[in-house]
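Below is one structure, written out as C-alpha cells, with a few remarks after it.
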Amino acid sequence: AQSVTQPDIHITVSEGASLELRCNYSYGATPYLFWYVQSPGQGLQLLLKYFSGDTLVQGIKGFEAEFKRSQSSFNLRKPSVHWSDAAEYFCAVGARGTGNQFYFGTGTSLTVIP
Amino acid sequence: NAGVTQTPKFQVLKTGQSMTLQCAQDMNHEYMSWYRQDPGMGLRLIHYSVGAGITDQGEVPNGYNVSRSTTEDFPLRLLSAAPSQTSVYFCASSYKFGQVAYEQYFGPGTRLTVT
Chain S
995 AQSVTQPDIH ITVSEGASLE LRCNYSYGAT PYLFWYVQSP GQGLQLLLKY FSGDTLVQGI
1055 KGFEAEFKRS QSSFNLRKPS VHWSDAAEYF CAVGARGTGN QFYFGTGTSL TVIP
Chain E
24 NAGVTQTPKF QVLKTGQSMT LQCAQDMNHE YMSWYRQDPG MGLRLIHYSV GAGITDQGEV
84 PNGYNVSRST TEDFPLRLLS AAPSQTSVYF CASSYKFGQV AYEQYFGPGT RLTVT
C-alpha cells in the first residue's frame, strides 16, 4: 500500500541555519513526489515536484529536494532558513491509480528562531 | 484565473444540521477532491472525482456526500453534522493522471466547527 512518512513532527531552527525535512515513501511503482508548504490559516502551496530525471530538484523560495530511490526518500533542504519559512510542510506521493490520488504525510511543523 | 475557490471560509453548525461546502475551479481540471485536515493527521481524502458525473470515495467518506454535475464545481455535503466532523476542509483540483501525476491546486480552506 502507498504511504508517506514524515518522521519529524516539529523542527526548530535558528534563522540562517540550514534545514532538512525528512520524507520516506512506500510505493510499488515509479513515485511522483511533491512537497507542499502551508502557512498558518492558508491553503497548500506547491514547493517542488519530482517526476523523473535529475534526482536533485529545485523549487521555489530557495528549496531543493533530493530523490533517493535506494532509501525511498525525498528530503527537503534549504541552505539558509528565513523567518518567513516558518510553516507546516507536507510531503506527498502521487499514485497511478484512479484520477490523480495523492497520499500525504502527516506534516512537519517548522519554527524559526530569530 | 481565480484558481480554486471555497465558500464559506468559516462555519459553525449544531449537531444534526446539514450544510454544503462549495468548491469551484476555473482551470478546466478533470480531477477534483476534498480533504479534511486534523492536527497530527495530515490531509485525508474524503471524496474525489475524475470528471463530471463521476465520483468515488476516499479514505474517510462516512457522513459526506458529493456530486459533480459540471467540470467547475464539486460541492461537499454534510448530511447530519457531528462533532467529529469539526475540521478544516480543503478542496483541490488537477489534471487527471496521464503519463505522470499532476500537481494539485488547493483552495484556501473552510474551517468548520460542530457543537
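As they're listed, the protein sequences go chains S and E. In short: position in the first sequence from 1, add 994, done, that's our numbering. In short: position in the second sequence from 1, add 23, done, that's our numbering. Just so you know, even glycine gets a beta-carbon here, dropped at the ideal spot from N, CA and C. Only a predicted model underlies this, so the values are computations on that prediction, with no experimental measurement involved.
TODO: Spell out the partners DSSP gives E82(E) in its beta bridges.
DONE: E82(E) pairs with nothing; no bridge assigned.
Next item on the list: Determine the direct distance from the alpha carbon of T133(E) to that of L1070(S), and round the result to whole angstroms.
Entry: 28 Å
Which residue wins for smallest C-alpha separation from P31(E), given the options V111(E), T78(E) and R91(E)?
V111(E)
Quick one: list the residues of chain S neighbouring G130(E), beta-carbon separation under 9 Å, in chain order. G1037
Could you say if the region 1006-1014 of chain S and the region 1022-1037 of chain S meet the contact criterion of at least three C-beta pairs nearer than 8 Å?
-> no
- Counting only beta-carbon atoms, is F1061(S) nearer than 8 Å to chain E? no
For this session: With 9 Å as the limit, tell me which residues of the region 1040-1056 of chain S have their beta carbon closer than that to any beta carbon of chain E; keep them in chain order.
Result: L1040, K1043, F1045 and S1046
Handout entry: Close Cβ partners of Q34(E) (< 6 Å) along its chain, the five nearest in sequence each way excluded
Key = L135
What are the start and end residues of the beta strand (DSSP E) that includes W1077(S)? First-last for W1077(S): undefined, no H or E at that position.
For K1055(S), the three-state DSSP class (helix, strand or coil): helix
Should S107(E) go down as buried or exposed, given a rule of 16 or more other Cβ atoms within 10 Å for buried? exposed
Notebook entry, point to check: Skipping 5 residues on each side, what residues in its chain have a beta carbon closer than 6 Å to that of L1015(S)?
Noted result: L1070, Y1083 and T1102
| message | Taking 7 Å as the cut-off, is the C-beta of L44(E) nearer than that to any heavy atom in the ligand SAM? | response | No copy of the ligand SAM occurs in the structure displayed, which carries no ligand at all.
(request) Name the residue from F1068(S), L1038(S), G1037(S) and L1040(S) whose alpha carbon lies nearest to the alpha carbon of D1048(S). (result) F1068(S)
| query | T1105(S): which of W1029(S), F1098(S) and S1078(S) sits nearest, CA to CA? | reply | S1078(S)
query: Given that Y54(E) touches chain S, what residues does it touch there, using C-beta distances under 8 Å?
result: G1093 and N1094
>> Is there a Cβ of chain E sitting closer than 8 Å to that of G1099(S), yes or no?
In response: yes
Margin query: Please tell me whether Y162(E) has its Cβ less than 8 Å away from any Cβ of chain S.
Written below: Outside the shown range of chain E, which is 24 to 138, sits residue 162(E), and nothing can be said about it.
Could you please give the first and the last residue of the uninterrupted beta strand (DSSP E) stretch that includes N88(E)?
Y87 to V89
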